[in-house]
Amino acid sequence: MSKVQTGLRYSSEHEWINADDPATIGITQVAADALGDIVFVDLPSVGASIAVGAVVGEVESTKSVSEIFSPVAGEVTEVNDAVLEDPALLNNDPYGAAWLFKVRVSEEGPLLSPEEYAAENDVSI
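Heads up: the sequence shown runs through residues 10 to 134, numbered per the numbering used here.
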């Protein structure tokens, strides 16, 4: 069953972000569970400038492909090579080892609290 992690904020498109600098971004367990067995991940390049709401990558599973939308604007400072090498990490640990990329944030888009995201997706915290 999907759960929402406290201490993070969420986009309506199922990305999470922490408050660190640079901020870490990943996809939620709700998204990973909906996708099923994840087999491929495409991420933005280090140094790329990204905009709020822009498509910055994709996650492919055995049943569908889903775009990754940036919840913030800024510069990508790091990508998670481990998740590129083993995309199944997203199914096992989407809030931990399977973070996707880090951004030096210049602007935030609309973000939800854990409670708001949980209510929007009918899941527990």
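The beta carbon of each residue, even a glycine, is placed where N, CA and C say it ideally should be.
Predicted model, so just to flag it, every value in this text is computed and none were measured.
Mind checking K72: buried by the 16 CB within 10 Å criterion, or exposed?
Taking the sequence shown and counting its residues from 1, the one referred to as residue 72 is at position 63. Flag for K72 reads exposed.
In angstroms with no decimal places, state the Cα-to-Cα distance between S11 and R18.
Position 2 of the sequence shown, counting from 1, holds the residue named residue 11. Position 9 of the sequence shown, counting from 1, holds the residue named residue 18. Answer to the nearest angstrom: the Cα atoms are 16 Å apart.
Measuring CB to CB, does V68 end up less than 8 Å from I77?
Locating residue 68 in the sequence shown gives position 59, counting from the first residue. Locating residue 77 in the sequence shown gives position 68, counting from the first residue. Result yes, Cβ atoms of V68 and I77 sit closer than 8 Å.
Thinking C-beta only, is P53 closer than 8 Å to G45?
The residue given as residue 45 occupies position 36 in the sequence shown. The residue given as residue 53 occupies position 44 in the sequence shown. Result no, Cβ atoms of G45 and P53 do not sit closer than 8 Å.
Let me check understanding here. Comparing Cα to Cα, which of S20, A128, L98 lies closest to I34?
Sequence index remark: in the sequence shown, residue 34 carries index 25 (1-based). Nearest of S20, A128, L98 to I34, Cα basis: S20.
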